[in-house]
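Colleague: Numbering (our numbering), first residue to last: 2 to 862.
For every residue, glycine included, the Cβ atom is placed at its ideal position computed from N, Cα and C.
Keep in mind it's a predicted model, so treat the numbers as computed, not measured.
Here you go, one structure.
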RNA sequence: GGGGACGUGGCGGAACGGUAGACGCGGCGGACUCAAACUCCGCUCCGGGUAACCCCGGGUGUGGGUUCGACUCCCACCGUCCCCA
């Protein structure tokens, strides 16, 4: 290819370098794909650098930007069909945006820290860095074989010291801002992986990874105070118009805002000790007949110290610690608990109520203690029944006497009863009154609670970013100074966790000096949750080798927010919430201009095979490489998007793939069979005068342009875009085969249909499209402006009108598009089939939908 | 238990209140071939009418409702899936 200036408008007269008939008879994807992949590399076709990186002056182009991003892969050795779907969708969008005049940024990287590489290291002794490097090379090669239009210059790995240096730097900024906390906490402990898990990584009481039952342990851990941002995370959802409602709902539920009250209970014979609770039902305070504490509650040992109940309570606390959290809080589980022998004072009525320890109360929900209102809370009711505790009604539904006994908790609306000054109030009114009363007495106040808990980020594992602090006997926890970053992972011989991080075994590394006092100190041995790494990678992409900070603000502010983010719905809560949190904090630190990282989000469905999710253990995995080898990357890309709506799960079918390959073969033959002696310029209506087939084909081509443009650009409906192109190809092929396009105007129409097809198919199947485009005498299809339909061909000279009687289809006819309503009605009434259906009755009403139908309504049901 | 999504041919799906089943898979029949593969052409929701061309009736999980008109909107139920408990 010579340095041809790209055609500026869709449809210059192309230079005829080689007639299409010179194409090989058979389409050979392997050759075509290899050729174009190196062609794009050589041309740096997909590199975008509108804002120069690393110090050069900025030159922002006068074109809209489009940051197209797919969730970065974890580099296991092999990509799977979910990746293919994800990255193909992103690639279609990237190509489409590029050709519709956007400056497109489409990067790729690897979420490279994490357990699989470390577990492999434990088995084989091979350092995780090496396992990971090999896997990245393998993944990269597979992605490249799919021909994605990725800017490979920006590739990053989160396990690269050049990257995690800045993960650590960001951690230190969080620390300075008071968003990092080290505290003793009841944590989910996976006995198999020998590490703590975030609550999010515990599913049904089992470790998300290895499915072992999770235990609770008290350990010092590192937290990020995401709860400080609970309200901001909620409020800024207003900015996320283009997120699926479903994902927003999930996030909203996860944050779980509830309005209620903090209420202080004093210990009966120790009024200096106050135990606060959070309740969403302060109106029911008069009905609190006992008090429950979580087994882990720090006051429990003190309350029972030296009392007869001590042994029993201690034993109960021990059992609870060995029970999975999810099991403890399951609604249908029998409510266990033990009495502490102590009482607290109900601030509403001064009554002393017994304090029990119960394992369904969790330390990290609210304050770890609750006021139990058995009359109006289902679990409290069950507990009261199980332990023979009193039940007091304080809400009476409409028409129910105030002292009607309760057979179950009443959680509905009603009027307050047995509640002193609150009697007669409705629930909401009583809530307000109670809060005001508590506040006035200094025993509580109205407050907002969140279900969201702080993010536990420390892991006692090797393969993660070391937490950049040292522990000094004199100074305590001291941050590592910025200029000493990164804190590199040390070499160790044994990666197996022993209840503490394997890093603890690296003694030379462990021993250091305190940056503050210069005395001896030990490095922190915990590493960070990999979700930390992936919470800011989209910023690093914008300046992947920048050394002056995690990213260059000018460049980041140009590209951010991501215009289109695409990934699996399984990340609807965690990853997306964490990335939003990080972006907000960095915004508040003045590091970046945007408050939200992802303007538009699309969540894709999963690929199933043989009725189940593809997985190695099921043995139903179809490796993408096999399909590429047999049919070509273009076929795979086309098929994966043709399978069905991109948001839905879809079932893999081998014969479905073959169908898409047959389609590409047909396109190949269509172009190869184009007449060589035709001026392939864009046809005008005049060129096709009197040639019905040619006119119809060009109209079809123009309608297809409209449809595909809408389907890709607005609807994210790739499968219907592909089927529209298939219709066009079918029509062209059929008409060409039966000789309807043998004339000069027919040839012109055929050329136009072929060029349109190839141009439209390019985002889906870029290699074959490039090859055919070249065969038709043009170059650089990747920067060819996206086709625009010629309006002259979008109007038909006749349209089909449907005639209905009482909404039922009775006849249809082709009429002139400008036929007026009266004429249409007259025509309807003259049609024998319409008359027959009317059965002689008079029309009561007629409805005319222009261009569509006439509906004659006759009476008599 | 709460919240959400979805139910259309043999299968994946299309139809953004206006011709239900586009496109693809599978199947059936035909052409090409010595034969096959490839390719091309035709048929393929169900029932019926002298199943060539055509015509009639029914049909989008079930039952109601709104509307001139409902796969589409509303209500209830049944079923499947997802999220949170």
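Does the beta-carbon distance from residue 79 to residue 109 come in below 7 Å?
Modeller: Position 78 of the first chain holds residue 79. Position 108 of the first chain holds residue 109. No, they are not a contact pair.
Colleague: Since residue 123 is in the alpha helix (DSSP H), which residue starts that stretch and which ends it?
Modeller: Here the question's residue 123 lines up with position 122 in the first chain. Counting along the chain, the alpha helix (DSSP H) containing residue 123 begins and ends at 116-125.
Colleague: Relative to the C-alpha of residue 294, which candidate in 313, 318, 286 and 375 has its C-alpha closest?
Modeller: Residue 294 sits at position 293 when you count from the first residue of the first chain. Minimum Cα distance to residue 294 is reached at 318.
Colleague: Please report the distance separating the alpha-carbon of residue 446 from that of residue 177.
Modeller: Working through the first chain from its first residue, we reach residue 446 at position 445. Working through the first chain from its first residue, we reach residue 177 at position 176. Near 30 Å, if we compare the C-alpha coordinates of residue 177 and residue 446.
Colleague: Please list, in chain order, all residues of the same chain as residue 860 whose beta carbon is under 8 Å from its beta carbon, the five residues on each side excluded.
Modeller: Here residue 860 is taken as the residue at index 859 of the first chain, counted from 1. Taken in chain order, the residues that qualify are 842, 843 and 845.
Colleague: Using the beta-carbon count (16 or more within 10 Å), is residue 416 buried or exposed?
Modeller: Position 415 of the first chain, counted from the start, is the residue given in the question as residue 416. So residue 416 counts as buried.
Colleague: How many Å lie between residue 310 and residue 277 at the Cα?
Modeller: What you label residue 310 is simply residue 309 of the first chain in a count that begins at 1. What you label residue 277 is simply residue 276 of the first chain in a count that begins at 1. Roughly 23 Å between the two C-alpha positions.
Colleague: Suppose the cutoff is 6 Å on Cβ atoms and the five residues either side in sequence are ignored; what does the same chain contact list for residue 13 look like?
Modeller: Sequence index remark: in the first chain, residue 13 carries index 12 (1-based). Note that residue 13 scores 44 on pLDDT, short of 50, meaning its location in the model is unreliable; the coordinates nonetheless yield the value given after this. Cβ within range, chain order: n/a, list empty.
Colleague: Any contact of the stretch 284-300 with the stretch 477-494, i.e. 3+ C-beta pairs under 8 Å?
Modeller: no
Colleague: Which value, in whole angstroms, describes the spacing of the CA atoms of residue 442 and residue 350?
Modeller: What you label residue 442 is simply residue 441 of the first chain in a count that begins at 1. What you label residue 350 is simply residue 349 of the first chain in a count that begins at 1. Roughly 13 Å separates the two Cα atoms.
Colleague: Mind listing, in chain order, the continuous beta strand (DSSP E) runs of no fewer than 3 residues lying wholly within the stretch 756-841?
Modeller: Counting whole runs of 3 or more residues, the stretch 756-841 contains the beta strand (DSSP E) stretches 800-806 and 809-816.
Colleague: Below 8 Å on the Cβ atoms is my guess for residue 38 versus residue 174; work out the distance and round it to an integer in Å.
Modeller: Numbered from 1 along the first chain, position 37 holds the residue referred to as residue 38. Numbered from 1 along the first chain, position 173 holds the residue referred to as residue 174. The pair is not a contact, with the Cβ atoms about 40 Å apart (cut-off 8 Å).
Colleague: Please classify residue 740: is it buried, with 16 or more other beta-carbons within 10 angstroms of its beta-carbon, or exposed?
Modeller: Counting from 1 along the first chain, the entry for residue 740 is found at position 739. Classification of residue 740: exposed, given that the 10 Å Cβ count is below 16.
Colleague: Exposed or buried, what is residue 636 when buried is set at 16 or more other beta-carbons lying within 10 Å of its beta-carbon?
Modeller: In the first chain, the residue the question calls residue 636 occupies position 635. That one is buried.
Colleague: Just to confirm the assignment, what range does the beta strand (DSSP E) spanning residue 610 have?
Modeller: Locating residue 610 in the first chain gives position 609, counting from the first residue. Segment 608-610, the beta strand (DSSP E) holding residue 610.
Colleague: Hey, residue 773 and residue 248 are a contact pair by Cβ (cut 8 Å); roughly how many whole angstroms apart?
Modeller: Numbered from its first residue, the first chain carries residue 773 at position 772. Numbered from its first residue, the first chain carries residue 248 at position 247. Taking the Cβ atoms as the reference, residue 773 lies roughly 39 Å from residue 248, outside the contact range of under 8 Å.
Colleague: Alpha carbon to alpha carbon, how far is residue 400 from residue 253?
Modeller: In the first chain, counting from the first residue as 1, residue 400 sits at position 399. In the first chain, counting from the first residue as 1, residue 253 sits at position 252. Distance between the alpha carbons of residue 400 and residue 253 is about 36 Å.
Colleague: As a quick exercise: from 236, 214 and 184, pick the residue whose alpha carbon is nearest that of residue 226.
Modeller: Against the first chain, residue 226 aligns to sequence position 225. When only C-alpha atoms are compared, the closest one is 184.
Colleague: Measuring straight from C-alpha to C-alpha, what distance separates residue 232 and residue 454?
Modeller: Residue mapping note: residue 232 aligns to position 231 of the first chain, counting from 1. Residue mapping note: residue 454 aligns to position 453 of the first chain, counting from 1. Per the coordinates, the alpha-carbon of residue 232 lies some 13 Å from the alpha-carbon of residue 454.
Colleague: Should residue 499 be labelled buried (16 or more other beta-carbon atoms within 10 Å of its own) or exposed?
Modeller: Here residue 499 refers to the residue found at position 498 of the first chain. Classification of residue 499: exposed, given that the 10 Å Cβ count is below 16.
Colleague: With a threshold of 16 other CB atoms inside 10 Å of the CB of residue 1, please say whether the residue is buried or exposed.
Modeller: Outside the shown range of the chain (2 to 862) lies residue 1, about which nothing can therefore be said.
Colleague: Nearest by alpha-carbon distance to residue 23: which of 798, 671 and 821 is it?
Modeller: Reading the first chain from its first residue, position 22 is the one you call residue 23. Ranking 798, 671 and 821 by Cα distance to residue 23 puts 671 first.
Colleague: Spatial neighbours of residue 850 within its chain, please: CB distance less than 6 Å, with the 5 preceding and 5 following residues excluded, ordered by chain position.
Modeller: Within the first chain, residue 850 is the residue found at index 849, counting from 1. Cβ within range, chain order: n/a, list empty.
Colleague: On the DSSP letters alone, give me the boundaries of the beta strand (DSSP E) that residue 258 sits inside.
Modeller: For the purposes of this step, residue 258 is identified with residue 257 of the first chain, where counting begins at 1. Counting along the chain, the beta strand (DSSP E) containing residue 258 begins and ends at 258-268.
Colleague: For residue 302, I'd like the list of residues in its chain whose CB is within less than 6 Å of its CB, leaving aside the five on either flank, ordered along the chain.
Modeller: Within the first chain, residue 302 is the residue found at index 301, counting from 1. Take residue 302, set aside five residues on each side of it, and no residue of its chain has a beta-carbon closer than 6 Å to its own.
Colleague: Out of 107, 283, 594 and 40, state which residue places its alpha-carbon closest to the alpha-carbon of residue 432.
Modeller: Taking the first chain and counting its residues from 1, one reaches residue 432 at position 431. Answer by Cα proximity: 283.
Colleague: Kindly indicate which three-state DSSP category residue 538 falls into: helix, strand or coil?
Modeller: Reading the first chain from its first residue, position 537 is the one you call residue 538. Helix.
Colleague: Do you know how far the Cα of residue 21 is from the Cα of residue 63?
Modeller: Start at 1 with the first residue of the first chain, and residue 63 comes out as number 62. Start at 1 with the first residue of the first chain, and residue 21 comes out as number 20. Residue 63 and residue 21: Cα-Cα distance of roughly 37 Å.
Colleague: Here's the rule I'm using: 16 or more other beta-carbon atoms within 10 Å means buried, otherwise exposed. How should residue 32 be labelled?
Modeller: Taking the first chain and counting its residues from 1, the one referred to as residue 32 is at position 31. Exposed.
Colleague: Between 548, 822 and 839, which lies nearest to residue 854 when the distance is taken from Cα to Cα?
Modeller: As a first step, residue 854 is located in the first chain; it is residue number 853 there, counting from the start. When each option's Cα is compared against that of residue 854, the closest is 822.
Colleague: Could you tell me the alpha carbon to alpha carbon distance between residue 792 and residue 747, rounded to whole angstroms?
Modeller: Residue numbering aside, residue 792 sits at position 791 when the first chain is read from its first letter. Residue numbering aside, residue 747 sits at position 746 when the first chain is read from its first letter. Distance between the alpha carbons of residue 792 and residue 747: 20 Å.
Colleague: Do you know whose CA, among 830, 808, 799 and 813, lies nearest residue 819's CA?
Modeller: For the purposes of this step, residue 819 is taken as the residue at position 818 of the first chain. Nearest option by C-alpha distance: 799.
Colleague: Applying the criterion that 16 or more other CB atoms from any shown protein chain within 10 Å of the CB defines a buried residue, is residue 449 buried or exposed?
Modeller: By one-based count along the first chain, residue 449 stands at place 448. Counting Cβ neighbours within 10 Å, residue 449 comes out exposed, since fewer than 16 surround it.
Colleague: Could you tell me which residues DSSP puts in a beta bridge with residue 636?
Modeller: Mapped onto the first chain, residue 636 falls at position 635. DSSP lists no partner for residue 636.
Colleague: Between the stretch 715-722 and the stretch 644-651, do at least 3 Cβ pairs fall closer than 8 Å?
Modeller: yes
Colleague: Between 667, 691 and 699, which has its C-alpha nearest residue 682's C-alpha?
Modeller: If you number the first chain from 1, residue 682 lands on position 681. Among 667, 691 and 699, the Cα nearest to that of residue 682 is on 699.
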